[in-house]
Each structure stands twice: as C-alpha cells, then as structure tokens.
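Some notes on the structure that comes next.
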Amino acid sequence: MNYRQCEIFVTTLEAGSVTAAAQRLSLSQPAVSKSLKMLEAELGVRLFKRGAKGLNPTDEGRSFYLEAARMTESFGHLESFAQGLARLEHARLEISCIPALSTGWLPGAIRDFLYEYSDLSLSFRSVSSPETVQRVARGELDIGISQARSEDLSVDKTVLFDLHAVCVLPTRHRLCREKQIRLDQLSSERLLSLSAGDEIRRKFEASMLMAGLPLRSQIEVAIGAMLCRMVADGHGIGVVDEESAKLFDRADVVVRPLAEPLSVPIYLLQNPIKPQTLIARKFVEHLLDVTAARRNV
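Numbering of the sequence shown is given in the working numbering, commencing with residue 174 and proceeding in unit increments.
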C-alpha cells in the first residue's frame, strides 16, 4: 500500500465513481480500477460494493476512508509546506553581531533583504566577539558577525570589511582644531577605553606602546556608544570604531580620523559542519554584496 493508492481510493469515494475519480486525477479509468483492486487485495477486505448505480463504500471502506482522508490531507499540507520552503516562506535565521555594528550598521545592511523575504523568522543577538565565535563553533548560530581574532578551525571566516578607528572629542576640546589626531597628542589626555577584549583597543594600545608613548586611561566601558556618550558629557576623549561614532550627532561630539590609520577586519562567521540553509546562503550573498564597496576601498 502506498500514498498514491490511498489518494485514488479517497478521490473515488468522494467522487462517487471511477469515471469521475479518473477525471479528477488525470488518470485512465482502467488505471483507477486496477489501483482499487490491488488495494483491496493487499488489505484483504472489500472497500466498495459494485452495483448498477456505481460504487458504494462498504462498512470497512467507510472506516478506512476516515484514516486515509486524514493521511492524504496531511500529505497535501506537507507538500504545500515543502513548496513554501523553496519559496523561503518558513525560513529562519539565527544571527549574532557585535554591539558596535548591531545598532546602526546591521539594520541598514539588512533592510532590503528583510523587505524581500518578509516572511523570514529572524532571531538576533548582540554579544561580544569571543562569545559570537564560540556560539558559531557550537552550531548555535547560522551566522556571526564579529572581530574574531580566534583561529578556531571549527569556524569559517570571510572578511566583510575593515572597521576603522576614530578619535571622539568633546565639542570644545583643543584638539577639535586638528584635521587628524596623532598618537603623541593623546598620550597626555584622559582616555576612555573600550573593554580589554576589543580589537580596536588592543591595536591602539599596541601602537602607543611601540611609539613609546604613555597611556592615561581611567575609565573603561564595554560599548562604543556608551564611550561616545561619556565623551559628550565631558569625561575625556576616546578612540572608538567609526560605526559607534556615527550614532552621535556632531553637536554632541567631534569625530576626527587618526593620523596613523588603525582598523580591524570584520568577519562573517559560519560553522563549516552545520548544513547551510537556502536562506543562510542568500543572506551571506546579500551581506557580501552590500559590503563589496567597503572591501574594495
């Protein structure tokens, strides 16, 4: 017994005749009759009484119909669901992005994608780079976006773009007159620092050390946007990623590039073992497309 036999049986009972069932199923009458006879032989019961007025279901036929109809209806739903998968109607993505990019850059980068796939179910997290790498490695995420210094072989890394560092100053600070800020101009300033795990902070401190310049840092914050807010409130100056600086109105802070350029690569992370869904592949293609110009700078 197979699905096709059950479908023919259910259609025949509902249509009331072999002829009508054959028309609905686009089959020949002999094919329908043969299928019904084979089904009765396999079940060992008569499903129809054949008379002058056509086919009438037996008691066994009516009982079998209740279960067969449920099965064909469920299969029809499954078939529709499968077709929806191809159209990405039931697609789901688990994504994590570092806080520096999650407030401004990522919503803009995926805006058109979400319009195109409006039925997409998206679970979004904003966690640190090390935690993003770990979650991708464990298969908990479809895609991670982070700084990712780790060389973990369980994670595939694709460069999206370089994230540049800038200097953020209070609006009346003396260095606002400068077009670029040199490292030696920062050595005597009260600096607000990002957390120790941040790649921009690590590279900045390494550059200061190599230049033989002292660091005067008293306040450490985890998020670039908070650092900018504290600079605006006059608590010092800071070196932060350009995306965090973009979130602040120029009436609150002044942003200047560094004379010695400093940047960190932003990676798209995936688990090479976890099967890539169609929506994940399209999402990766979209991100690579929208960041192409920044990679080619």
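We put the CB at the ideal spot given by N, CA and C, even for glycine.
Since the structure is predicted, the reported quantities are computational estimates derived from the model, not experimental observations.
Buried versus exposed, by CB contacts within 10 Å (16 or more), residue i
| i | result |
| --- | --- |
| glycine 189 | exposed |
| glutamate 180 | buried |
| threonine 331 | exposed |
| isoleucine 446 | exposed |
| phenylalanine 297 | exposed |
| tyrosine 288 | exposed |
| arginine 235 | exposed |
| alanine 398 | buried |
| isoleucine 396 | buried |
| alanine 195 | buried |
| isoleucine 268 | buried |
| arginine 374 | buried |
| threonine 344 | exposed |
| aspartate 423 | Note on identity: in this sequence residue 423 is arginine, with aspartate being the wrong assignment. By the 10 Å Cβ count, arginine 423 comes out exposed. |
| arginine 468 | exposed |
| serine 275 | buried |
| isoleucine 392 | exposed |
| arginine 350 | exposed |
Same chain, Cβ closer than 8 angstroms to residue i, neighbours up to 5 away in sequence not counted
| i | result |
| --- | --- |
| tyrosine 176 | Met244, Thr245, Phe248 |
| serine 380 | Leu356, Glu433, Leu435 |
| histidine 346 | Ile410, Val427 |
Min CB distance residue i to chain D below 8 angstroms
| i | result |
| --- | --- |
| proline 303 | The displayed structure is made up of one protein chain only, and chain D is not part of it. |
Residue of the options minimising C-alpha distance to residue i
| i | options | result |
| --- | --- | --- |
| leucine 342 | Arg284, Met211, Cys401, Gly317 | Cys401 |
| isoleucine 354 | Leu209, Ile410, Asp422, Leu239 | Ile410 |
| glutamate 372 | Met383, Gly407, Gln391, Asp335 | Asp335 |
| serine 302 | Leu461, Arg223, His459, Ile439 | Ile439 |
| isoleucine 271 | Glu351, Val300, Gly277, Thr344 | Val300 |
| methionine 174 | Glu187, Ala193, Leu209, Leu186 | Leu209 |
| arginine 219 | Tyr238, Gln202, Gly277 | Tyr238 |
| leucine 326 | Gly277, Ile318, Val306, Cys340 | Val306 |
| alanine 241 | Leu212, Val339, Gly217 | Leu212 |
Neighbourhood of residue i by C-beta distance below 7 angstroms, restricted to the same chain and skipping five residues each side
| i | result |
| --- | --- |
| phenylalanine 456 | Leu266, Phe286, Ile316 |
| arginine 284 | none |
Check whether residue i and residue j have beta carbons under 8 angstroms apart
| i | j | result |
| --- | --- | --- |
| valine 404 | leucine 365 | yes |
| leucine 228 | valine 205 | no |
| asparagine 444 | glycine 312 | yes |
| valine 309 | leucine 460 | no |
| serine 417 | alanine 273 | yes |
| valine 339 | valine 413 | yes |
| proline 230 | leucine 186 | yes |
| leucine 333 | threonine 464 | yes |
| valine 394 | leucine 431 | no |
Nonlocal neighbours in the same chain, by C-beta distance under 6 angstroms from residue i, ignoring five residues either side
| i | result |
| --- | --- |
| serine 294 | Arg265 |
| histidine 337 | Glu415, Ser436 |
| phenylalanine 421 | Cys401 |
- Task: Would you check if there are 3 or more beta carbon pairs closer than 8 angstroms linking the segment 360-369 to the segment 384-396?
- Result: Counting C-beta pairs closer than 8 angstroms gives three or more between the segment 360-369 and the segment 384-396, which meets the contact rule.
- Message: For the segment 448-455 against the segment 424-440, do three or more pairs of beta-carbon atoms, one drawn from each stretch, fall closer than 8 angstroms, so that the two count as touching?
- Response: No, the segment 448-455 does not touch the segment 424-440.
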